[in-house]
Each structure stands twice: as structure tokens, then as C-alpha cells.
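Here the protein sequences come in this chain order: A and B.
Numbered per the working numbering, the first sequence finishes at 336, counting up by one with no gaps.
Numbered per the working numbering, the second sequence finishes at 1336, counting up by one with no gaps.
Below is one structure, written out as C-alpha cells; the observations come after it.
There are 2 protein chains.
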Amino acid sequence: MNYKAKLIIFLFLGLSVLMEAQNVKLITSSDLLLSWNDGASKKAIIDFVPKTTKEGTPDFIPIADRIATFDNDGTLWSEQPMYFQLAFAIDQVKAMAPEHPEWKTTQPFKALLEGDMKTALAGGAEGLLPVLAATHTGMTTEAFEQIVKDWMATATHPITKNHYNEMIYQPMLELLQYLRANGYKTFIVSGRGIDFMRPWVEQAYGIPPYQVVGSSGKMKYEMVDGKPVIMKLPELIFNNDEDGKPIGIHQYIGKRPVFAAGNSDGDYQMIEWTTTATDYPRFGMFVHHTDAEREYAYDRNSHIGKLEKGLDDAAKNNWTIVDMKNDWAKIYPGDK
Amino acid sequence: MNYKAKLIIFLFLGLSVLMEAQNVKLITSSDLLLSWNDGASKKAIIDFVPKTTKEGTPDFIPIADRIATFDNDGTLWSEQPMYFQLAFAIDQVKAMAPEHPEWKTTQPFKALLEGDMKTALAGGAEGLLPVLAATHTGMTTEAFEQIVKDWMATATHPITKNHYNEMIYQPMLELLQYLRANGYKTFIVSGRGIDFMRPWVEQAYGIPPYQVVGSSGKMKYEMVDGKPVIMKLPELIFNNDEDGKPIGIHQYIGKRPVFAAGNSDGDYQMIEWTTTATDYPRFGMFVHHTDAEREYAYDRNSHIGKLEKGLDDAAKNNWTIVDMKNDWAKIYPGDK
Chain A
1 MNYKAKLIIF LFLGLSVLME AQNVKLITSS DLLLSWNDGA SKKAIIDFVP
51 KTTKEGTPDF IPIADRIATF DNDGTLWSEQ PMYFQLAFAI DQVKAMAPEH
101 PEWKTTQPFK ALLEGDMKTA LAGGAEGLLP VLAATHTGMT TEAFEQIVKD
151 WMATATHPIT KNHYNEMIYQ PMLELLQYLR ANGYKTFIVS GRGIDFMRPW
201 VEQAYGIPPY QVVGSSGKMK YEMVDGKPVI MKLPELIFNN DEDGKPIGIH
251 QYIGKRPVFA AGNSDGDYQM IEWTTTATDY PRFGMFVHHT DAEREYAYDR
301 NSHIGKLEKG LDDAAKNNWT IVDMKNDWAK IYPGDK
Chain B
1001 MNYKAKLIIF LFLGLSVLME AQNVKLITSS DLLLSWNDGA SKKAIIDFVP
1051 KTTKEGTPDF IPIADRIATF DNDGTLWSEQ PMYFQLAFAI DQVKAMAPEH
1101 PEWKTTQPFK ALLEGDMKTA LAGGAEGLLP VLAATHTGMT TEAFEQIVKD
1151 WMATATHPIT KNHYNEMIYQ PMLELLQYLR ANGYKTFIVS GRGIDFMRPW
1201 VEQAYGIPPY QVVGSSGKMK YEMVDGKPVI MKLPELIFNN DEDGKPIGIH
1251 QYIGKRPVFA AGNSDGDYQM IEWTTTATDY PRFGMFVHHT DAEREYAYDR
1301 NSHIGKLEKG LDDAAKNNWT IVDMKNDWAK IYPGDK
């Protein structure tokens, strides 16, 4: 058979397979959601996604508008006993301490080096800014990327002893795949640093760096030894949290999502922004940490990932609350 | 034939076609570059792209790293006699004038309304900031998007009398398609406003809004009549030009491009940043406006799209200078 004949048969059969697939069974079915137990959450997902992909029906969403946004900490991976980016910063402080003798007498560095977390965290997020500046800036973007990659390959979580990128949620990986298989573009929209996430999220979630929205600092383009570099400067210019999330979405994505998932009140506005438009069906979801045995249980009173307003307003807004304990057959990819 | 049998034959033939295509002729060949005359520019492009897609060879670039960035004004569409975004702003000033009687006595509004461009532009870019603020902010992102769409559908260029989105460059459309057919992701990296480009670039170039990098202003998320909106505020927060372009690329894309195209010294740093890395082959290109008959001829002495440093340094950096007059068989899609 010559090349053209093969090509014609190939295209014809492709069309035929595609048409049958529409009628018989979608190849991209909810079979992907293997780690989701049957229940209201899974039902809400598999009710929503297929109806948005059927052309000619009122709930159809054109592929170009199938934008799905996901918070990261507590939504795609764990965030206890502290945000993993903070664990990274502390490890960096320890690694850099020999070159910074002044840290022995300067807070919050002193407390971090002594393992006194209560004192170190006493100043809240603001109090930690010097730590973030010292560990995340004053170097080139490429040097920082390498530091994050090295840390991710070696550092381990204090409780599970696993690498941090092994503490991603298997059911959420499946949800990302399920959405992508149905023509959705998946984005991360996180309050953490964009440069901290990009070096590893492509491998972890299949989300490329240009589909990551996060907090970011000022940068400077300059020549070093005749080669251009981008230096990371110690000035936060965008905090992608709470009100910042819809703004970050507009800034980076330029389209209003139709699907958004978070786990804390920091995601409230993203989910509100996503689900209050009326042109298409919309899906809002909070992952509720209810599993003290396999992961962590926390919500209204947690200083990390506090979820109160989201729980209070979920029913009236038709948002899905995912109960980790009951909805998820598995937490991490490595779980049995 | 049943579904599974068809699917198997389909996949088998697909593989066979693919393997033959590799040996016989790439489906995604330079046949796409129909409006490019044979010459050094076209040769440089069709030398570069295919060699980067052959796995196992030293010049191979993995698909994830095939990032191509394009300036917009003067690179993908015309920019004379003034940036089209400025033409938009002037049209908006005229449309809004009845509600702003104070503009009759306030510069540069007064001059714009009287058609006295010399006075209006006397203050340079800085002098026009009040005009940009008045026409681009103080409204929701969704309202602004609609205004841009309406303007694009109705406004026409003073010389060609065509709609502005008809003044895109056919050879560059073909180059975008050629790159995408070879696994490249194409991005716009422009000094103009990101919100001004996004409403129309997807249709014009096939580039979705989340692959557009541009200048941007401050925003505020707020509730109006019980519905959330994003308000555009009159404060420029990011100027995506010159040094800003590599920074914008890092900020939005998070990867260093391997291919970059511009037309003015405002694109110098983007092309420098793209072509000075040594891990992969790199391609830098300036579109040189040499065609006074079919478009415009300008470079070193132009106040719009000034190209001097780029021309001076092209040879030593192995950057391609596209000669519009000789390299392009056609300028606009509507040309014969």
C-alpha cells in the first residue's frame, strides 16, 4: 500500500472510530477516577464534565473555554505540619547558615536554626519575609530553579519520611487527567511562589510552567560576565491569595475558569469568581481535610489552610465539598 | 468490523504512516511557508526547525522546551502610522468626549480631539498615560474586553481602510503555523497592553489568551450588585518592553524560549535572552521594515519601532534579519 492510500484509510478509520466512540463509550471516561469512591463528590464530577463536552447541548462549553484552576497546597499536595515551601526555606536557612554568622543573633533566623518554631512563626507571614528574601532572592532564576530541584530530590517530610513530591494526591492527579482527557486546560493557581512550583509541577502533575499562577517577586535583567541573567530581588510584587487569585487568573490566564478547586478560604474568591458567571455551567470544589489517619484533619480552627467561609457557603452556592476520608480510596500515589 | 478491530487497525496504520512520514516527507513541512520567497531568511527557518525535532540528534529539542515568542506590533501586524492601541485610545477619547467636557481644555485630550497629533504626542509615552488611564481603566475587565472587540470589528486603518486585524502579516501567520506543526508553543510577548491583545489574538493568530504576555495595570476584585467583578485601575504595574521582555517571559512562561522574533530594539533583550543560552540551538529574528510600497520602510530613525542595535549586532549574534520587501511574497492575508 502506498503512503497516500495508507493515510486516507488512516484518516477514514480515525473518523469512524471517533464517531463510534461518541455513541458507544467515550474513551475519556470516568474510568480514570479510580481512587474516587462512589458518592456525592464523584457523582458531581462525572455529572458535570461529560455534559460540558457534548456539542449542540445547552451545557456545552467550547474547548477554548474549558479552563480549570487548582490551588496547590492542601488541594493537590499536603500542606501540614507547615507549607512545604516554608520547610524548603528552613532547610535553606540551615544550609546557608555558615555564611551568615549574623543569623545566630537575628530573629527569626535564630529561632529557625534552633528549631524553635513557635518563636520563628510568632511574627506570622510578615515576620517570615526576611527568611523568604534570604532564601528565595539575591540569585539568578536559573540558580534558584536548580536549588529547588535539588531540594525536591533529597528533602523528606518529617512525618511520612517521603519526598515532598510523593505527597501529591492520587485522586486529584486522576481528576486532572480526567479533565484534560475531556479537553480542559488545567492550571495551578497558588498563593505560594511561582518560581518554587515551576521546577517540579510538570513532572508531578503534567502541568507545564506556563500554566502555573503564583506569587512573585521583582526581577532585574542584567549582564554577568557578558551573559544575561535574571536576578531575583527581595521585593514581593504579587500575592496570589484570596482577592489576588481572581486577579492572578485574569493576569495570567485571561479567561474566567469554568472549574475551580481549592481547600481553604484563600481559595474562596477564586471559586466565587469561577462559579458566579452564568454563560456556562460552572463547578466549584473544596477539598475538606477530614482524614486524621491517612493525612490530616483540619478546617475552621487551623492556622494553615483554614476553611470556614467555604464550608458555610458551599450549600447555597452548589459547591462540592470533597470529604477526603470517605471520598478518596487512596491519598498518595504510593499508598496501597 | 467491530470497534476494537477498527481501533487496532487505526493505531497500526497511524504508526505506519508516522514511520513513513519520517523517512519520506514530513507532513508538517516547510510547505506551510507559502508566502516566503526563497532566500537567506526562509533558509535559516527551514534549516532550524526540522533539525530541532529529530530525536537522538544533537540539535533535538524536547517538545516541552519548544517555546517560541513573538513581539506583536511590527512583528505580527503593522504599527504605522501609530501603534494600533494608540489609535484605539484616540477613538475611545472621541467616543467618551461628550461625558468629559473638561477634555476640551485639558492636554493631551484637547489636542487629540482637535486632531493635533504633534501637540498630543509632544509629551512622549509618559504624556499619554492620562489618555491610557481614561480609556483603559475605571471599568471591569469584561466591559473593556467588549469595547476592544467592538472597536476591532468596526474601526479601520487611516491609510489601508482595512480593519486592524486584517493588517496581520501572512508570512508570520505561516511561520506560527509551521512552528506549531513542529511541536512549538507560540507566545506573544508585546509591550502593549495584555488586555488590549487578548480579545482578538486567538482568532487572528491562533494564540490563546494564556499565551499572551504584555504590559498590565493594577486590578481590584470587588462586589458590584452582589456579583464579583475585576476593576481595572489607573496604575501601570508592568511594562513589558526592553528589559521587561525577558522578565515578562520568566514571569508568565517560566521557560527560556528557543525561538524569538521581534522588529525593534524593544525586542533586543528578548532575542538576546533567547539566543545566549547554550543547551539547545536557538533562533533570533528581526523583521526589518523595508517595503515602503506594500507596507512601510523604517528602522534607525523611526520614533515607532526603532531598529538600530538589532541591525548592528545581528551578524555577530547570528540573528536573522527578515527583509520584508524581498523575503515576503505577500504582506497581508488579503493581498493578491
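A virtual CB, placed ideally from N, CA and C, is assigned to each residue, including glycine.
Buried versus exposed, by CB contacts within 10 Å (16 or more), residue i
i, result
"A/Ile27", "Here A/Ile27 scores only 45 on pLDDT, less than 50, and its place in the model should not be relied on; the value that follows carries that caveat. A/Ile27 is exposed by the Cβ-count criterion."
"B/His1303", "exposed"
"B/Asp1243", "buried"
"A/Asn263", "buried"
"B/Leu1034", "exposed"
"B/Asn1182", "buried"
"A/Glu272", "buried"
"A/Ala89", "buried"
"B/Val1224", "exposed"
"A/Gln251", "buried"
"A/Ala120", "buried"
"A/Asp38", "exposed"
"A/Asp59", "exposed"
"B/Gln1085", "buried"
"A/Met172", "buried"
"B/Gln1080", "buried"
"A/Glu55", "exposed"
"A/Gly305", "buried"
"A/Thr105", "exposed"
"B/Asp989", "Beyond the ends of chain B as shown, which are 1001 and 1336, falls residue 989 of chain B; an answer cannot be given."
"B/Arg1256", "buried"
Within chain A, partners of residue i - CB distance below 7 angstroms
i, result
"B/Arg1294", "What B/Arg1294 touches in chain A: nothing, since even the nearest Cβ is about 33 angstroms away."
"B/Met1219", "Ile247, His250"
Amino acids of chain B, ordered along the chain, whose beta-carbon sits closer than 8 angstroms to that of residue i
i, result
"A/Glu340", "Any question about residue 340 of chain A goes unanswered here, given that chain A covers just 1 to 336."
"A/Trp339", "In the structure displayed, chain A extends from 1 to 336; residue 339 of chain A sits before or after that span and is not available."
"A/Glu202", "Ala1064"
Pair within 8 angstroms by beta-carbon distance, residue i and residue j
i, j, result
"A/Tyr296", "A/Asp65", "no"
"B/Phe1187", "B/Thr1069", "yes"
"B/Phe1192", "B/Gly1214", "The sequence shown places Arg at residue 1192 of chain B, not Phe. In contact: B/Arg1192 and B/Gly1214 (Cβ atoms closer than 8 angstroms)."
"B/Thr1288", "B/Ile1321", "In the sequence on display, residue 1288 of chain B carries His and not Thr. Yes, the Cβ-Cβ distance between B/His1288 and B/Ile1321 is below 8 angstroms."
"A/Met170", "A/Tyr298", "Strictly speaking, residue 170 of chain A in this sequence is Gln, with Met absent from that position. Cβ atoms of A/Gln170 and A/Tyr298: not closer than 8 angstroms."
"A/Gln269", "A/Pro234", "no"
"B/Phe1238", "B/Gly1226", "no"
"B/Tyr1178", "B/Val1049", "yes"
"A/Lys149", "A/Pro228", "no"
"B/Tyr1164", "B/Ala1153", "no"
"B/Tyr1205", "B/Leu1176", "yes"
"A/Gly334", "A/Glu166", "yes"
"A/Gln92", "A/Thr135", "yes"
"A/Val131", "A/Leu113", "no"
"A/Lys342", "A/Asp241", "As shown, chain A starts at 1 and ends at 336. That puts residue 342 of chain A outside it, with no answer to give."
"B/Ile1067", "B/Lys1185", "yes"
"B/Val1189", "B/Asp1313", "no"
"B/Ala1095", "B/Trp1103", "no"
"A/Trp36", "A/Ala292", "no"
"B/Thr1160", "B/Lys1232", "no"
"A/Thr278", "A/Lys325", "no"
"B/Phe1286", "B/Leu1307", "yes"
"A/Gly123", "A/Pro108", "yes"
Proximal residues of chain A, C-beta to C-beta of residue i below 8 angstroms
i, result
"B/Pro1257", "Correct list: empty, because the minimum Cβ distance to chain A is about 11 angstroms."
"B/Ser1216", "Gln251"
"B/Thr1137", "The premise fails here: B/Thr1137 is roughly 14 angstroms from chain A at the closest Cβ pair, so nothing lies under 8 angstroms."
Nearest-angstrom beta carbon gap, residue j and residue i [assumed within contact, 8 angstroms]
i, j, result
"B/Thr1274", "B/Ala1260", "4 angstroms"
"B/Asp1327", "B/Lys1042", "7 angstroms"
"A/Trp77", "A/Ile207", "The pair is not a contact, with the Cβ atoms about 12 angstroms apart (cut-off 8 angstroms)."
"A/Phe144", "A/Asp195", "6 angstroms"
Contacts of residue i in chain B (Cβ-Cβ under 7 angstroms)
i, result
"A/Gly191", "In chain order: nothing, as chain B lies at least about 15 angstroms away."
"A/Arg66", "Going along chain B, no residue has its Cβ under 7 angstroms from A/Arg66, so there is no contact; the nearest lies around 11 angstroms."
"A/Ile230", "Pro1246, Ile1247, His1250"
"A/Trp341", "The shown model of chain A, from 1 to 336, leaves out residue 341 of chain A, and the question about it has no answer."
"A/Thr276", "Lys1227, Pro1228"
"A/Thr141", "His1250"
Partner residues on chain A for residue i, Cβ-Cβ distance less than 9 angstroms
i, result
"B/Leu1210", "Before going on, a small fix: residue 1210 of chain B reads as Tyr here, not Leu. Those within 9 angstroms of B/Tyr1210 in chain A are Ile67, Lys185, Phe187, Tyr210, Gln211, Tyr252, Ile253, Gly254, Lys255."
Where residue i meets chain B, residues with beta-carbon distance less than 9 angstroms
i, result
"A/Arg198", "Gly1254, Lys1255"
For this session: Run through the region 1211 to 1298 of chain B for me and flag every whole alpha helix (DSSP H) of 4 or more residues, listed as ranges in chain order.
Result: Here the runs fully enclosed are 1244 to 1252, 1268 to 1275.
Exercise. What residue ranges within the region 1144 to 1195 of chain B form continuous beta strand (DSSP E) runs of no fewer than 3 residues, ordered along the chain?
Worked result: For the region 1144 to 1195 of chain B, the full-length beta strand (DSSP E) segments reaching 3 residues or more read 1185 to 1193 along the chain.
For this session: List in chain order: all unbroken beta strand (DSSP E) runs of 3+ residues lying wholly within the region 56 to 124 of chain A.
Result: DSSP runs (the beta strand (DSSP E)) wholly in the region 56 to 124 of chain A: 67 to 70.
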